[in-house]
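Asker:
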Amino acid sequence: MDALEALQQRVSAARLVGEVPAPEVLDNLFKAALRAPDHGMLRPWRFLTISGDARLALGELFLKAQRADVPEMTEIQCQRAQAKPLRAPLVIVVVATLTEHPKVPELEQLLSAGAAAQNLLVAAHAMGLGAMWRTGAMAYHDVVRQGLGLQAHERLIGYLYIGEVQSKSRVLPNLAVADFVTAWPSNG
Numbered sequence: 001m002d003a004l005e006a007l008q009q010r011v012s013a014a015r016l017v018g019e020v021p022a023p024e025v026l027d028n029l030f031k032a033a034l035r036a037p038d039h040g041m042l043r044p045w046r047f048l049t050i051s052g053d054a055r056l057a058l059g060e061l062f063l064k065a066q067r068a069d070v071p072e073m074t075e076i077q078c079q080r081a082q083a084k085p086l087r088a089p090l091v092i093v094v095v096a097t098l099t100e101h102p103k104v105p106e107l108e109q110l111l112s113a114g115a116a117a118q119n120l121l122v123a124a125h126a127m128g129l130g131a132m133w134r135t136g137a138m139a140y141h142d143v144v145r146q147g148l149g150l151q152a153h154e155r156l157i158g159y160l161y162i163g164e165v166q167s168k169s170r171v172l173p174n175l176a177v178a179d180f181v182t183a184w185p186s187n188g
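The letter at position 128 of the sequence shown is residue 128 when you use the numbering used here, and the numbering goes up by one with no holes.
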């Protein structure tokens, strides 16, 4: 699959199965991530890989965080919290590592980490894998941040769920470029 095809056809896949991708596949995914735009060459990202039983531990961490906010959770709510990391064989946590810099503001560093996440998603698609970028409350909760070992200068950008697509990929409608692009200054 060429680069334009991968970029123009990538879709999120919610149902992912199979084994954790082979080490050489993961190496290629992370090589793609490391090519994200990076003003000042700060490399403002790092990645945590979570697979196997570690996904169960992440589910327990999600449950602990949710119980901190809602102690009276029902059994079904508890099960749902614990099951979230089991939606794929591999969860990659994308972390922005922010550095104070006179020419590279925090926003640019966050965007760079987001671009690294996007590169991972496109690379996964190009290699025939399914992927889904998820955030939600568990991306911002202090209990989760601490449990994952994030430092004060780090932000959790998202959870990338990676695996084999379980069902047929959905087809998204083609968007009209003209609906989103305007020449400036406008002539009208």
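For glycine and all other residues, C-beta sits at the position ideal for the given N, C-alpha and C.
1) Quick one: residues in its chain with C-beta nearer than 8 Å to the C-beta of Val-91, no 5 flanking neighbours on either side, listed in chain order?
2) Quick test of the definition: if touching needs 3 or more C-beta pairs under 8 Å, does the stretch 162 to 171 touch the stretch 122 to 138?
3) Taking the continuous beta strand (DSSP E) assigned at Gly-128, which residues delimit it?
4) Is the stretch 35 to 49 touching the stretch 62 to 73 in the sense that three or more CB pairs, one from each, lie closer than 8 Å?
5) Whole-angstrom Cβ separation of Phe-47 and Val-94, contact assumed at under 8 Å?
6) Name the residue from Glu-75, Gln-118 and Leu-61 whose alpha carbon lies nearest to the alpha carbon of Ala-6.
7) Going by C-alpha distance, which of Ala-116, Arg-155, Phe-180 and Leu-150 is nearest Ala-32?
8) List the residues that DSSP assigns as beta-bridge partners of Phe-47.
9) Using 10 angstroms around the beta-carbon of Ala-113, count the other beta-carbons present and answer buried if the total reaches 16, otherwise exposed.
10) So, is Arg-132 buried or exposed, given that buried needs 16 or more other C-beta atoms within 10 angstroms?
11) What is the residue span of the alpha helix (DSSP H) that Leu-63 lies within?
12) Identify the residues that DSSP records as bridge partners of Glu-154: which are they?
13) Pop quiz: His-141 and Leu-98 are said to be a contact at Cβ under 8 Å. What is the actual Cβ separation, rounded to whole angstroms?
14) Can you tell which of Val-11, Ala-3, Leu-156 and Ala-176 has its C-alpha closest to the C-alpha of Arg-170?
15) So which of Leu-110, Leu-61, Leu-4 and Ile-157 has the shortest CA-CA distance to Thr-135?
16) Quick one: what's got a C-beta closer than 7 Å to Ala-88's C-beta in the same chain, skipping five residues either side?
17) Between Glu-108 and Gln-82, which are expected to be in contact by the criterion C-beta below 8 Å, what is the C-beta distance as a whole number of angstroms?
18) Would you report the Cα separation of Ala-183 and Ala-176, rounded to the nearest angstrom?
Answerer: In short:
1) Contacts found: Thr-49, Ile-50, Ser-51, Arg-55, Leu-58, Pro-85, Tyr-159, Leu-160, Tyr-161 and Ile-162.
2) Touching, yes.
3) In the DSSP annotation of this structure, Gly-128 is not part of any beta strand (DSSP E), being labelled neither H nor E.
4) Judged by Cβ distances under 8 Å, the stretch 62 to 73 makes no contact with the stretch 35 to 49, as fewer than three pairs qualify.
5) Your pair Phe-47 and Val-94 checks out as a contact, with CB atoms roughly 6 Å apart and the cut at 8 Å.
6) For Ala-6, the nearest C-alpha among the options comes from Gln-118.
7) That would be Ala-116, whose Cα lies nearest to the Cα of Ala-32.
8) DSSP, once it has assigned bridges, lists Val-94 as partnering Phe-47.
9) Buried, by the Cβ-count rule.
10) Strictly speaking, residue 132 in this sequence is Met, with Arg absent from that position. Taking a 10 Å sphere around the C-beta of Met-132, we find 16 or more other C-beta atoms and assign the residue as buried.
11) Secondary structure note for Leu-63: its alpha helix (DSSP H) is the uninterrupted segment 54 to 69.
12) Assignment of beta-bridge partners to Glu-154 by DSSP yields Thr-97.
13) Between Leu-98 and His-141 the Cβ distance is about 18 Å, and since that is not below 8 Å, they are no contact.
14) Of the listed residues, the one whose Cα sits closest to Arg-170 is Val-11.
15) Minimum Cα distance to Thr-135 is reached at Ile-157.
16) Within the same chain, Cβ atoms closer than 7 Å to the Cβ of Ala-88 are found at Leu-16, Tyr-161, Ile-162 and Gly-163, the five residues on either side in sequence being excluded.
17) Taking C-beta atoms under 8 Å as the contact rule, Glu-108 and Gln-82 fail to qualify, at a distance of about 36 Å.
18) Take the alpha-carbon of Ala-183 and the one of Ala-176: they are about 15 Å apart.
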